[in-house]
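Student: Take the sequence shown: its letter number 391 is residue 544 in the working numbering, and every next letter is one higher.
Note that beta-carbon positions come from the ideal geometry of N, C-alpha and C, so glycine has one too.
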Amino acid sequence: MAEASPLYQTYMRAPLRFERGEGVWLITENGERYLDFAAGVAVNSLGHAHPHLVGALREQADKVWHLSNLYEIPGQEKLGKRLTEATFADRVFFTNSGAEALECAIKTARRYQFSKGHGERFHIITFEGAFHGRTLATIAAGGQAKYLEGFGPKASGFDQVPFGDLDAVKAAITDETAAILIEPIQGEGGIRPAPAGFLKELRKLCDEKGLLLIFDEVQCGVGRTGKLFAYEWSGIAPDIMAVAKGIGGGFPLGACLATEEAASGMKAGTHGSTYGGNPLAMAVGNAVLDVILADGFLEHVRDVALVFRQGLAELKDRFPDVIEEIRGEGLMLGIKAKVPSGELLQAMRDQHILGVPAGDNVIRLLPPLVTTAEEAREGLNRVGLAAEKVRATLDTAARNESR
Ligand SMILES: *Cc1c(COP(=O)(O)O)cnc(C)c1O
Numbered sequence: 154m155a156e157a158s159p160l161y162q163t164y165m166r167a168p169l170r171f172e173r174g175e176g177v178w179l180i181t182e183n184g185e186r187y188l189d190f191a192a193g194v195a196v197n198s199l200g201h202a203h204p205h206l207v208g209a210l211r212e213q214a215d216k217v218w219h220l221s222n223l224y225e226i227p228g229q230e231k232l233g234k235r236l237t238e239a240t241f242a243d244r245v246f247f248t249n250s251g252a253e254a255l256e257c258a259i260k261t262a263r264r265y266q267f268s269k270g271h272g273e274r275f276h277i278i279t280f281e282g283a284f285h286g287r288t289l290a291t292i293a294a295g296g297q298a299k300y301l302e303g304f305g306p307k308a309s310g311f312d313q314v315p316f317g318d319l320d321a322v323k324a325a326i327t328d329e330t331a332a333i334l335i336e337p338i339q340g341e342g343g344i345r346p347a348p349a350g351f352l353k354e355l356r357k358l359c360d361e362k363g364l365l366l367i368f369d370e371v372q373c374g375v376g377r378t379g380k381l382f383a384y385e386w387s388g389i390a391p392d393i394m395a396v397a398k399g400i401g402g403g404f405p406l407g408a409c410l411a412t413e414e415a416a417s418g419m420k421a422g423t424h425g426s427t428y429g430g431n432p433l434a435m436a437v438g439n440a441v442l443d444v445i446l447a448d449g450f451l452e453h454v455r456d457v458a459l460v461f462r463q464g465l466a467e468l469k470d471r472f473p474d475v476i477e478e479i480r481g482e483g484l485m486l487g488i489k490a491k492v493p494s495g496e497l498l499q500a501m502r503d504q505h506i507l508g509v510p511a512g513d514n515v516i517r518l519l520p521p522l523v524t525t526a527e528e529a530r531e532g533l534n535r536v537g538l539a540a541e542k543v544r545a546t547l548d549t550a551a552r553n554e555s556r
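Structural data, given as structure tokens:
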């Protein structure tokens, strides 16, 4: 099969073929049901086939699909207004993906410094374990050797320091620094929240040094932590923020948000995108916000998160030789495994529950935000059965060794 495949062999795909989805469930071609706590890596924020999203997409499909940014697009004005009213931002640029939202954020920060007469300030400080996408600039920003190798010289202007190390940040600031870029909670890096108070310290530092603070909320944003954006928990706000994944609920959509001041260098002609902000994407993005901004929705996320949190803590106590630690905020949860995490993930898949691998031997649980308490308990039950299976193999291995 693999040899005959017409596709790039860039993904290590699980041998599963899903035909359709219903809420938190994915159903294979053979009719087997899987509890989807991967949610397309935090993309299917409202689960699968949400009637309000399906309706919005269908309705727009009958009107107009694409217009180009040569014309006014009312859906952009509407979604932009809602995003700016709900956040620190005054301006929005729409993209098709997270990496493009980051590209826009990086360009916005560099251009801001340039427009203030500081073209030499183009460096951005980033953090070890970060993930910002797979374009040439964003692999340089993420700084992971495995993503950079063989792709020519690393794009210049990204200086990396250990995550959470304020002294290292201070030491890395030079006359050429434009901004600091951070995920409030690292996703790919292994569900690692920034240490308490760290974002506040970065804000102070940026204000003192005339730097811009950029948050990458591509994974942790759009309700995932129980607030619309994760930065709201920190008591401070960034100057620029990249958003994607959950905002489209499965339709390719991203956004770069900025304050009026931070966006002041982005004049007509400085940036663009053919598809960014396309009417179909705007219809879906607005429909996603209809649901997430509705009264009580984020409260629901926080309530269900508590069920997960307690359930996972119990599992850790029950299986201390399988689970080392539970991490994360809201419905952005990580199980740090004591066994190779791939074994636990496979055992979970055998129980028909999906999670996502991450760095640091962590399995991510990123359930749809519409997950009910009952569905959460069903998931916890399945993770428990998987942990039991993994522990049984450990016991067998130990017995064989002592023989
Ligand atoms: C997924 C992700 C990206 C990249 O998004 P794409 O849509 O894959 O380009 C960037 N930053 C974070 C934190 C992400 O989780």
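Quick one: what does DSSP say Y265 is sitting in, helix, strand or coil?
Tutor: What you label residue 265 is simply residue 112 of the sequence shown in a count that begins at 1. Residue state, collapsed to three classes: helix.
Student: Around the C-beta of Y161, are 16 or more other C-beta atoms found within 10 angstroms, so that it is buried, or is it exposed?
Tutor: On the sequence shown, residue 161 is found 8 positions in, with the first residue counted as 1. Flag for Y161 reads exposed.
Student: Suppose contacts are defined by Cβ-Cβ distances below 7 Å. Is Q313 in contact with E281 by that definition?
Tutor: Numbered from its first residue, the sequence shown carries residue 313 at position 160. Numbered from its first residue, the sequence shown carries residue 281 at position 128. Contact: yes.
Student: With which residues is I389 paired in a DSSP beta bridge?
Tutor: Along the sequence shown, one-based indexing puts residue 389 at 236. In DSSP, I389 forms no bridge with anything.
Student: Compare the Cα-Cα distances from I175 to each of G270, E541, T524, V543 and report the closest residue.
Tutor: Locating residue 175 in the sequence shown gives position 22, where the first residue counts as 1. The question names Ile, but residue 175 is Glu in the sequence shown. Considering only alpha carbons, the answer is T524.
Student: Sort K307, E541, E531, L507 by Cα distance to G193 and report the nearest one.
Tutor: What you label residue 193 is simply residue 40 of the sequence shown in a count that begins at 1. G193 has its Cα closest to that of L507, out of K307, E541, E531, L507.
Student: So is the beta-carbon of V371 under 6 Å away from any non-hydrogen atom of ligand 1?
Tutor: Taking the sequence shown and counting its residues from 1, one reaches residue 371 at position 218. Shortest gap from the CB of V371 to any heavy atom of ligand 1: under 6 Å.
Student: Using a Cβ-Cβ cut-off of 6 Å (strictly less than) and excluding sequence neighbours within five positions of L319, which residues of its own chain qualify?
Tutor: As a working mapping, residue 319 is identified with position 166 in the sequence shown. Contacts found: E354.
Student: Should H219 go down as buried or exposed, given a rule of 16 or more other Cβ atoms within 10 Å for buried?
Tutor: As a working note, residue 219 is residue 66 in the sequence shown. H219 is exposed by the Cβ-count criterion.
Student: Which of the three DSSP states, helix, strand or coil, is assigned to R517?
Tutor: Position 364 of the sequence shown, counted from the first residue, corresponds to residue 517. Note: R517 maps to strand in three-state DSSP.
Student: Contact between the stretch 363 to 378 and the stretch 524 to 542: three or more CB pairs below 8 Å?
Tutor: Taking a cut-off of 8 Å on C-beta distances, the stretch 363 to 378 does not touch the stretch 524 to 542, as fewer than three cross pairs fall below it.
Student: Ligand 2 heavy atoms versus the CB of F284: any closer than 6 Å?
Tutor: With respect to small molecules bound, the structure shown includes ligand 1 and not ligand 2.
Student: Here's a check: name, in chain order, each residue in its chain whose Cβ is nearer than 6 Å to the Cβ of R186, leaving out the five neighbours to either side.
Tutor: Indexing the sequence shown from 1 puts residue 186 at position 33. Correct list, in chain order: W178, I180.
Student: Along the beta strand (DSSP E) that carries G374, what are the first and last residues, could you check?
Tutor: Looking up residue 374 in the sequence shown gives position 221. Judged by DSSP secondary structure, G374 falls outside any beta strand (DSSP E); it is assigned neither H nor E.
Student: Considering only residues of the same chain and omitting the five flanking positions on each side of D513, which have a CB-CB separation below 6 Å?
Tutor: By 1-based counting over the sequence shown, the position of residue 513 is 360. Closer than 6 Å at the Cβ level, and outside the excluded window around D513, lie G343.
Student: Roughly how many angstroms lie between the CA atoms of V375 and I400, to the nearest whole one?
Tutor: To locate residue 375, count along the sequence shown from 1; it is residue 222. To locate residue 400, count along the sequence shown from 1; it is residue 247. Cα to Cα, the separation comes out at about 6 Å.
Student: Please confirm whether any heavy atom of ligand 1 lies closer than 6 Å to the CB of P336.
Tutor: Start at 1 with the first residue of the sequence shown, and residue 336 comes out as number 183. In the sequence as presented, Pro is not what sits at residue 336; that position holds Glu. It does: the Cβ of E336 is within 6 Å (strictly closer) of some heavy atom of ligand 1.
Student: Does the separation of the CB atoms of L100 and V437 fall below 7 Å?
Tutor: Since the first residue of the chain shown is 154 and the last is 556, residue 100 is not available in this structure.
Student: Applying the 10 Å Cβ sphere with the 16-neighbour rule, what's the burial state of T163?
Tutor: As a first step, residue 163 must be located in the sequence shown, where it is residue number 10. It is exposed - the Cβ of T163 has fewer than 16 other Cβ atoms within 10 Å.
Student: Are the beta-carbon atoms of G407 and A397 separated by less than 7 Å?
Tutor: Walking along the sequence shown from the start, residue 407 turns up at place 254. Walking along the sequence shown from the start, residue 397 turns up at place 244. Yes, the Cβ-Cβ distance between G407 and A397 is below 7 Å.
Student: Counting Cβ pairs closer than 8 Å, one from the stretch 290 to 307 and one from the stretch 427 to 446, do we hit at least three?
Tutor: no
Student: Need the endpoints of the beta strand (DSSP E) that H276 sits in, please.
Tutor: For the purposes of this step, residue 276 is taken as residue 123 along the sequence shown, with counting starting at 1. Element bounds for H276: 276 to 280.
Student: If contact is defined by three or more beta carbon pairs under 8 Å, each pair taking one atom from either stretch, is the stretch 260 to 272 in contact with the stretch 412 to 422?
Tutor: yes
Student: Kindly list the residues whose CB is nearer than 7 Å to the CB of G310, restricted to its own chain and excluding five residues on each side of it in sequence; keep chain order.
Tutor: Your numbering for residue 310 matches position 157 in the sequence shown. If we look at G310 and ignore the five residues flanking it on each side, its Cβ neighbours are F275, H276, I277.
Student: Is there at least one non-hydrogen atom of ligand 1 closer than 6 Å to the beta-carbon of S309?
Tutor: Within the sequence shown, numbered from 1, the residue matching residue 309 stands at position 156. Because no heavy atom of ligand 1 lies under 6 Å away, the Cβ of S309 does not count as near it: no.
Student: Rounding to the nearest angstrom, what Cα-Cα distance links V444 and V322 in this structure?
Tutor: Your numbering for residue 444 matches position 291 in the sequence shown. Your numbering for residue 322 matches position 169 in the sequence shown. Their Cα atoms are separated by approximately 38 Å.
Student: Using a 10 Å radius around the Cβ and a threshold of 16 neighbouring Cβ atoms, would you call M154 buried or exposed?
Tutor: By 1-based counting over the sequence shown, the position of residue 154 is 1. Note that M154 has pLDDT 49, beneath the 50 cutoff, so the model's placement of it is unreliable and no number is given.
Student: Specify the secondary structure class of I344 as computed by DSSP and reduced to three states.
Tutor: Position 191 of the sequence shown, counted from the first residue, corresponds to residue 344. I344: coil per DSSP, three-state reduction.
Student: For ligand 1, is there a heavy atom less than 6 Å away from the beta-carbon of A551?
Tutor: Start at 1 with the first residue of the sequence shown, and residue 551 comes out as number 398. No, Cβ of A551 sits at least 6 Å from all heavy atoms of ligand 1.
Student: Looking at L188: is its Cβ nearer than 7 Å to the Cβ of G532?
Tutor: Translated into positions along the sequence shown, residue 188 becomes position 35. Translated into positions along the sequence shown, residue 532 becomes position 379. Result yes, Cβ atoms of L188 and G532 sit closer than 7 Å.
Student: What separation, rounded to the nearest whole angstrom, lies between the Cα atoms of S198 and V217?
Tutor: Numbered from its first residue, the sequence shown carries residue 198 at position 45. Numbered from its first residue, the sequence shown carries residue 217 at position 64. Distance between the alpha carbons of S198 and V217 is about 25 Å.
Student: Does the pairing of the stretch 542 to 549 with the stretch 220 to 240 give three or more beta-carbon distances under 8 Å?
Tutor: no
Student: Answer yes or no: the CB of S198 versus the heavy atoms of ligand 1, is any distance below 6 Å?
Tutor: Translated into the one-based positions of the sequence shown, residue 198 becomes position 45. S198: no, Cβ never under 6 Å from ligand 1.
Student: Would you say the stretch 330 to 347 touches the stretch 248 to 263, given that touching needs at least three Cβ pairs under 8 Å?
Tutor: yes
Student: Exposed or buried, S494, counting other C-beta atoms within 10 Å across all chains shown (16 or more means buried)?
Tutor: On the sequence shown, position 341 is the one that residue 494 refers to. By the neighbour-count rule (16 or more Cβ atoms within 10 Å), S494 is buried.
Student: Quick check on this structure: which residue in K299, G251, E329, G340 has the alpha carbon closest to the alpha carbon of A283?
Tutor: Stepping through the sequence shown from its first residue, residue 283 is reached at position 130. Ranking K299, G251, E329, G340 by Cα distance to A283 puts G340 first.
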